[in-house]
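With the working numbering applied, the sequence shown corresponds to residues 19 to 341, in that order. Note that the Cβ used here is the ideal one computed from N, Cα and C, for glycine as well. Nothing here was measured: the structure is a model prediction, and the numbers come from that model. Some notes on the structure that comes next.
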Amino acid sequence: MQVTRNKVIGVVGFIFLIGYVVSVWWSIEPDILEPEVLQNERGEDVVGYATTSSLISTMETLLDKPGGWLSNDIMPPSVMMDNMPAFEFGALEQSRDLALIMRKEFSRSQSQSTADADLLAAHSKLNIEHTSWLVPSAESEYREAIKLLKLYRAKISDTENSNAQFYARADNLNEWLKEVQKRLGSMSQRLSASVGQDRLNTDLAGDTAARQSTSSMASLEIKTSWWKIDDVLYESRGSAWALLNFMKAIEVDFADVLEKKNAEVSLRQIIRELEATQQTVWSPMVLNGDGFGLVANHSLVMANYISRANAAVIDLTNLLSQG
Numbered sequence: 019m020q021v022t023r024n025k026v027i028g029v030v031g032f033i034f035l036i037g038y039v040v041s042v043w044w045s046i047e048p049d050i051l052e053p054e055v056l057q058n059e060r061g062e063d064v065v066g067y068a069t070t071s072s073l074i075s076t077m078e079t080l081l082d083k084p085g086g087w088l089s090n091d092i093m094p095p096s097v098m099m100d101n102m103p104a105f106e107f108g109a110l111e112q113s114r115d116l117a118l119i120m121r122k123e124f125s126r127s128q129s130q131s132t133a134d135a136d137l138l139a140a141h142s143k144l145n146i147e148h149t150s151w152l153v154p155s156a157e158s159e160y161r162e163a164i165k166l167l168k169l170y171r172a173k174i175s176d177t178e179n180s181n182a183q184f185y186a187r188a189d190n191l192n193e194w195l196k197e198v199q200k201r202l203g204s205m206s207q208r209l210s211a212s213v214g215q216d217r218l219n220t221d222l223a224g225d226t227a228a229r230q231s232t233s234s235m236a237s238l239e240i241k242t243s244w245w246k247i248d249d250v251l252y253e254s255r256g257s258a259w260a261l262l263n264f265m266k267a268i269e270v271d272f273a274d275v276l277e278k279k280n281a282e283v284s285l286r287q288i289i290r291e292l293e294a295t296q297q298t299v300w301s302p303m304v305l306n307g308d309g310f311g312l313v314a315n316h317s318l319v320m321a322n323y324i325s326r327a328n329a330a331v332i333d334l335t336n337l338l339s340q341g
């Protein structure tokens, strides 16, 4: 009887060990996209090719990395993992933002022009719930979106087709950068809340005539649950990873616009700050020390890089707005 019990314990322990090894392997974060991904295979200079390719490759990487798309898995060991699903969601949010701006701004010449049908459908499919595992599953919808993005890329690469366009203009780029500012600002706030903050309510600041639906407190105690601190950190890493891919593509497609505005250095500074967010986390767990305390606070370190990247984005927006 004792031998049987030991065998059962041994088998269970071995299964847990295999599950742990697999989960560690599946938690390896993907590398930044190589520059070759952004280049046209025929060596042609096609405006919009790099940006579209970066969005395609970012989504393909998320789907084809070890373990595939983990956010909607309902079986172990992935059902017990939360860091990589958080990373996936952060990258997906940035991908959705770029797809939206491509549909609304980059592919349209004027406000009265019609949206590209493939981009419209692709954006819709990217917005399916990332945890959906029934029909249609998140993976199947995202792969359909990738196919539609490839169709759009093929159209703008065809010199005989003038119906599909990608307009690299300063005003279009600014619209995307405004979305980036909101996303980075939100991430910075959530990361900083790891130690708890007493924040003043500035919702109506700057406008004496401003109103809101219901009253709110003058100050609030904001603190991220210790249970969610690692999720917020890895969601931020995923968001910064995707944004870094997109910024490198923007540097290619909007090169003339950036040169005219003398803004190339500002974009490179954004890229440098985002690269810092992808440094290896050597600690086996996300630590949550108190600011200047004895124990490190990984969330505050990440918040610092995110805030600096956001400041650089604001500077770039101001440069592009100038005549």
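For the alpha helix (DSSP H) containing residue i, name the first residue and the last one.
i	result
Ala186	It is not in any alpha helix (DSSP H) - Ala186 carries neither H nor E in the DSSP assignment.
Phe105	Asn101 to Ile119
His141	Ala135 to Leu144
Ile74	Tyr67 to Asp82
Lys246	Note, Lys246: premise wrong, no alpha helix (DSSP H); not H, not E.
Lys122	Run containing Lys122: none; DSSP gives neither H nor E here.
Glu162	Ala156 to Ser175
Would the beta-carbon of residue i fall within 8 Å of that of residue j?
i	j	result
Val275	Ala188	yes
Arg255	Phe107	no
Ser125	Leu116	no
Lys266	Leu337	no
His316	Val331	no
Asn179	Glu123	no
Lys196	Thr69	no
Gln112	Arg201	yes
Asp308	Val213	yes
Gly206	Ala321	Residue identity differs from the one stated: residue 206 is Ser in this sequence, not Gly. Yes, Cβ-Cβ distance for Ser206 and Ala321 is below 8 Å.
Phe210	Leu292	Reading off the sequence shown, one finds Ser at residue 210, where the question assumed Phe. No, these two residues do not count as a Cβ contact at 8 Å.
So what does DSSP say about residue i, is it helix, strand or coil?
i	result
Asn315	strand
Asn280	coil
Asn306	strand
Ala211	coil
Met93	coil
Ile46	coil
Gln230	coil
Ala329	helix
Gln287	helix
Phe32	helix
Arg255	helix
Val40	helix
Asp271	helix
Trp151	coil
Asn263	helix
Trp87	coil
Ser339	helix
Arg23	helix
Gln199	helix
Asn192	helix
Leu334	helix
Glu293	helix
Asn179	coil
Ser127	coil
Ser301	coil
DSSP beta-bridge partners for residue i?
i	result
Gln58	Looking at the sequence itself, residue 58 is Asn, so the reference to Gln does not match. DSSP, once it has assigned bridges, lists no residue as partnering Asn58.
Check: Just checking, does the stretch 152-159 make contact with the stretch 86-93 on the three C-beta pairs under 8 Å criterion?
Finding: yes
Note to self: Taking 8 Å as the cut-off, does the stretch 172-180 touch the stretch 75-82 (at least 3 CB pairs, one atom from each stretch)?
What the structure shows: no
Notebook entry, point to check: Just checking, does the stretch 243-251 make contact with the stretch 36-43 on the three C-beta pairs under 8 Å criterion?
Noted result: no
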